[in-house]
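Below: the structure, in structure tokens.
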Amino acid sequence: MPIVTIQITDENVSEKQKLSLISECTDVLTRVLNKDPNTTFVVIDEVPMSNWGIGGTDVKTYRKSN
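Per the working numbering, the sequence shown starts with residue 2, numbered consecutively.
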């Protein structure tokens with residue numbers, strides 16, 4: 002019963018994109034590890050931009066400087 006957790010920023014991710022992530026992650030675990038897709042869990046955790054940091058600063062500031 003594998004669980005895959007994907008953390009992404011909460012910006013403009015469509016339901017279609019989320020479903021693709023879930024489907025394709027499940028396919029990888031089925032193909033590579035021979036896991037049962039019916040017991041494979043994929044959790045998408047959308048983190049607010051204000052709670053995501055990189056390089057010692059928040060992601061918005063980081064993106065502006067790069």
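Where a beta carbon is used, it is the ideal one built from N, C-alpha and C, also for glycine.
*Residue burial classification, Thr27 (beta-carbon count within 10 angstroms, cutoff 16)*: Indexing the sequence shown from 1 puts residue 27 at position 26. Its Cβ being crowded by 16 or more others within 10 Å, Thr27 is buried.
*Confirm, please, whether the CB-CB distance from Val5 to Val48 is below 8 Å.*
If you number the sequence shown from 1, residue 48 lands on position 47. If you number the sequence shown from 1, residue 5 lands on position 4. Contact: no.
*For the stretch 11 to 67, which segments carrying the beta strand (DSSP E) assignment without a break, of at least 3 residues, lie completely within its bounds, in sequence order?*
Correct list: 42 to 48.
*Quick one: what's got a C-beta closer than 7 Å to Lys36's C-beta in the same chain, skipping five residues either side?*
Taking the sequence shown and counting its residues from 1, the one referred to as residue 36 is at position 35. Correct list, in chain order: Pro3 and Leu30.
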